[in-house]
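Residue numbers for the sequence shown, in our numbering: 378 to 913.
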Amino acid sequence: MADGTTATCPLCGAPSTSDTLAEAAWLGGDVVARLISQNPQWKREDGTCPACVQSALLQTLLERGDDALHDGIQSVWPLDAEAAFGALPTPLRLHADPRYTGRGVTLALLDSGFYPHPGLIRPVNRIRAWVNAVVEPVLEIRFGPNEVPAWPGWDDAHSSKWHGLMTSTVAAGNGWLSHGLYSGLARDADLVLVRVRDERGRITNDNIVRALRWLLGHGPTLRVRVVSMSVAGDPLAHMEDRNPVDEAVAALVAKNITVIAAAGNDGERRLVPPATAPEAITVGGLDDKNTFSHAELEIWHSNYGLSTDGMLKPELVAPSMWVVAPILPGTDVAMEADRLFERRAHGPLGDPEVDGRIAELKLITPHYQLVGGTSFAAPIVASAVACMLEANPKLAPHQIRDILISSALPVAGASMERQGAGALDPGQAVSLALREQHGPLEGRPMSPQVTPGGIEFLLHDHRARKVQVLGSWDGWRTAHEAEEVEPGIWQSHRPSLPSGLYTYKFLIDGTRWLNDPSNPRKSPDTFGGLNSVLGC
378 MADGTTATCP
388 LCGAPSTSDT
398 LAEAAWLGGD
408 VVARLISQNP
418 QWKREDGTCP
428 ACVQSALLQT
438 LLERGDDALH
448 DGIQSVWPLD
458 AEAAFGALPT
468 PLRLHADPRY
478 TGRGVTLALL
488 DSGFYPHPGL
498 IRPVNRIRAW
508 VNAVVEPVLE
518 IRFGPNEVPA
528 WPGWDDAHSS
538 KWHGLMTSTV
548 AAGNGWLSHG
558 LYSGLARDAD
568 LVLVRVRDER
578 GRITNDNIVR
588 ALRWLLGHGP
598 TLRVRVVSMS
608 VAGDPLAHME
618 DRNPVDEAVA
628 ALVAKNITVI
638 AAAGNDGERR
648 LVPPATAPEA
658 ITVGGLDDKN
668 TFSHAELEIW
678 HSNYGLSTDG
688 MLKPELVAPS
698 MWVVAPILPG
708 TDVAMEADRL
718 FERRAHGPLG
728 DPEVDGRIAE
738 LKLITPHYQL
748 VGGTSFAAPI
758 VASAVACMLE
768 ANPKLAPHQI
778 RDILISSALP
788 VAGASMERQG
798 AGALDPGQAV
808 SLALREQHGP
818 LEGRPMSPQV
828 TPGGIEFLLH
838 DHRARKVQVL
848 GSWDGWRTAH
858 EAEEVEPGIW
868 QSHRPSLPSG
878 LYTYKFLIDG
888 TRWLNDPSNP
898 RKSPDTFGGL
908 NSVLGC
């Protein structure tokens, strides 16, 4: 019985609690079937720990991705009845480098309102400040890492809190209510949350400007390096005119703060501030079909056009579908989600009424749901920037822009005005950040390098004490030792291979597997992760 008592996972023997083990009872039928096939003596009511659940889940989802996510899942809402636990975690699907999580970087978000979700404040509070930029003078409340943050109306379950809850956790949530599975790329970044929606429900250019000017004055003391704006202000009467929003964005960029703006969701050749600001990096939408395969990418119906000085917008695109974010506690959706998953846990698998309603509400677990729009594409890019800055804190906004553009993946069949440079690739962006001026890999080639004399592998990892390379070329039997050629820089050489495709990984300190962060070519392993692919 689930009562919070100490328990042991029946599959792997890891210590847990009865409540945590019981979460396996509301998994989707395909994941339960996989667990039973791998463990014939196991029953759903036995429960299992988050690690076993996540391994089975990711294996299931990666198999779907390998088959272009099977015919049952469409590229538009609604989802099919297998929606529960039906989305790949953002870091996995975007091939992010798991070693960089935005630590030491503060990310500011402008939105309608916010909620102090457990994914932002546990096990330590990462919300450094809450700011109300609607009033004059601006109201600010600052918090320490050991405080429980609260601000006026934080717990009223008002719909205005929903949007900011989503954007902040998509960027920097640590997946607390999913045991770390549904985290953002910058899950260790600090946050400044800036409200710009007034009591009448409006987000005006004046409110946006007031927020940006506050950040100009106070952001540096809070170590703000990135600002993400998933808001739309007032349309401009004359697009060719510079305006206060543009000027405020330009002032932040001049202060070494990178600014990201959402393009909008109407699919029109039309932009409104702050997406029109020339110095902002404007982000459009992408449908990656909930797979890790670059071949599946399609442009989403986001806005596009020109900045106020005639620059093409957006600069790049990022996932605007199949994005997992928390449900706002206390709302009708949250209460219905609890009831639905309780019925799934204690009822027959595949109940069409329960599964149909779960799909209709786009629920993933009792605590998470799928969301969509460039409102979520922008903070994903902002979170990638936070990881880039962790890798190389000396990056300037113009270097960040150049890296994002040069590392983006062109989307086949889409016009440049719709996609800009293409789809965000966080792993490659971090890899290039490490090689940019003042980066630890400055001047070094990407890994792997195939030459007539053999194959060179390169990895930057200051925490490693030993690095080896293993691969499918000999059935993963032989570990090729890497040499630490400079502090934190590991290099390995192996002889040439016959023509063909091979998979490989780094093994760090004999315990930690890592696919090659510099290599964008990936394929699923059999453990819910990815291998790197080498072509000879």
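Cβ atoms here follow ideal geometry from the backbone N, Cα and C, with glycine treated the same way. These numbers come from a predicted model, not from an experiment.
In the pairwise beta carbon analysis, the region 802 to 821 is classified as touching the region 892 to 911: at least three pairs are separated by under 8 Å. When beta bridges are read from the DSSP output, Asn-509 appears opposite Leu-516 and Arg-572.
Within the region 714 to 793, complete alpha helix (DSSP H) segments of at least 4 residues are found at 729 to 737, 751 to 768 and 774 to 784, given in chain order. If only complete runs of 3 or more residues are kept, the region 548 to 604 shows the beta strand (DSSP E) at 567 to 572, in order along the chain. Contact annotation: Asn-680 and Ala-638 have beta-carbon atoms that are not nearer than 8 Å.
Proximity to Thr-751 across Ala-695, Ile-777 and Met-793 peaks at Ala-695, based on C-alpha coordinates. In the DSSP annotation of this structure, the continuous segment of the alpha helix (DSSP H) that includes Ala-627 starts and ends at 621 to 631. Ranked by Cα distance from Arg-602, the first of Leu-542, Pro-774, Asp-488 and Val-511 is Pro-774. DSSP, read as helix, strand or coil, puts Ala-410 in helix. Take Ser-849, set aside five residues on each side of it, and the residues of its chain with a beta-carbon closer than 6 Å to its own are Tyr-879 and Thr-880, in chain order. Put simply, the backbone Cα of Val-762 is about 7 Å away from that of Ile-777.
Rounded to the nearest whole angstrom, the C-alpha separation of Ala-798 and Trp-677 is 15 Å. Beyond the five residues adjoining it in sequence on each side, Leu-471 comes within less than 6 Å, by CB distance, of Pro-803 in the same chain, given in chain order. Per the coordinates, the alpha-carbon of Gly-490 lies some 15 Å from the alpha-carbon of Ala-702. In the DSSP assignment, Gln-845 falls outside any alpha helix (DSSP H) and within the unbroken beta strand (DSSP E) covering 844 to 848. Residue state for Met-606 is assigned as strand, using DSSP reduced to three classes. Look at the beta carbons and you see the region 616 to 631 touching the region 647 to 659: at least three pairs across the two are nearer than 8 Å.
In the structure shown, the three-state DSSP call for Gln-868 is strand. If you look at Ser-909, you'll find it in the beta strand (DSSP E) that goes 907 to 912. Collapsing the DSSP output to three states places Ala-810 in a helix. If you draw a straight line from the Cα of Val-660 to the Cα of Ala-549, it comes to about 18 Å.
Scanning Val-409, Arg-646 and Val-862 for the CA closest to the CA of Leu-435 turns up Val-409. Within the model, the alpha-carbon separation for Arg-519 versus Thr-483 is close to 13 Å. For Gly-682, the three-state secondary structure derived from DSSP is strand.
Shortest Cα-Cα distance from Glu-819 to any of Val-573, Thr-385 and Leu-772 involves Leu-772.
Three or more beta-carbon pairs separated by less than 8 Å link the region 580 to 592 to the region 607 to 615, which places the two stretches in contact. Phe-491 is bridged by DSSP to nothing; it lacks a bridge partner. Pro-901 carries a strand assignment under DSSP once its states are collapsed to helix, strand and coil. DSSP places Asp-893 in the coil class of the three-state scheme, outside both helix and strand. When the five nearest sequence neighbours on each side are left out, the beta carbons in the same chain lying within less than 6 Å of the beta carbon of Thr-635 are those of Val-603, Val-762, Pro-774 and Ile-777, in order along the chain. Only exposed fits Phe-904, as fewer than 16 other CB atoms lie within 10 angstroms of its CB. Residue pairing from DSSP leaves His-671 without any beta-bridge partner.
Counting C-beta atoms within 10 angstroms of its own C-beta, Thr-383 has fewer than 16 neighbours from the protein chains shown and is therefore classed as exposed. In the DSSP assignment, Leu-469 falls within the unbroken alpha helix (DSSP H) covering 467 to 470. Arg-840 has no beta-bridge partner at all, per DSSP.
In this structure Ile-832 does not touch Ser-895 by the C-beta definition: roughly 13 Å separates them, more than the 8 Å allowed.
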